[in-house]
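Below you'll find the structure, written out as structure tokens, and then a few comments.
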Amino acid sequence: NYGINEVFFDQLNVKWKNPGALPLTLTIGRQELMLGEGFLIFDGGPLDGSRSAYFNGLRLDYDLKNKNILTFFYVRQPRTDALLPRLNDVKQAMVEQEEQGVGFYFSGQVKKTSLEAYLFRKDTFASDPLPAGALHVAGARFSHPFSAKLSLTAEGALQLGM
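The opening position of the sequence shown corresponds to residue 732 in the working numbering, with each subsequent residue numbered one higher.
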């Protein structure tokens, strides 16, 4: 008893590397967005199980040299997949309520120490019975190897809002 649930676009985007000979990469459209180890930014539609992990949005990566990258992103997730065509649309919920997010993410290296720092904001829009809300997160992570078999990693974040 096998039936096709629905067919949808998991990734559909345009990527432009080095526009105007600048050290930038611009990605617009449906894309996977995993920053760091995926602790805070990874799965764009948690209600759809493991069938997809996309975000609808814009990502701009600025190469600061020496493996240092500053990323800016903006994402918007409708409650159901309403932005691209689907076959056999079953109106499956992707998120609890429509949401959008914006953020900055730095990843780099200072000598042997890996550094990451981030600042995110997520807004959720009211939908019955859930109220609108905003969430702000600022944090950092570092990892320093002491030997081939021993390293120290720490991460901390401050979250405000609901």
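Don't be surprised by glycine CBs; every beta carbon is placed ideally from N, CA and C.
The stretch 790-799 makes contact with the stretch 754-773, as at least three CB pairs between them are under 8 Å. The C-beta of G834 has 16 or more other C-beta atoms within 10 Å across all chains shown, which makes the residue buried. A848 is positioned such that its CB atom lies no closer than 8 Å to that of V868. Scanning the stretch 778-849 from its first residue to its last, the whole beta strand (DSSP E) runs of 3-plus residues come out as 785-794, 800-808, 830-841. One alpha carbon belongs to P862, the other to P809, and they sit about 15 Å apart. In the displayed model, A752 falls within a helix according to three-state DSSP. A direct Cα-to-Cα measurement between V738 and F804 gives close to 27 Å.
L743 is positioned such that its CB atom lies no closer than 8 Å to that of G769. Cβ neighbours of G892 within its own chain (closer than 7 Å, five residues either side excluded): G864, A865, L866, H867. The residues E847, E886, in chain order, have a CB closer than 6 Å to that of R872 in the same chain once the five nearest residues on each side in sequence are set aside.
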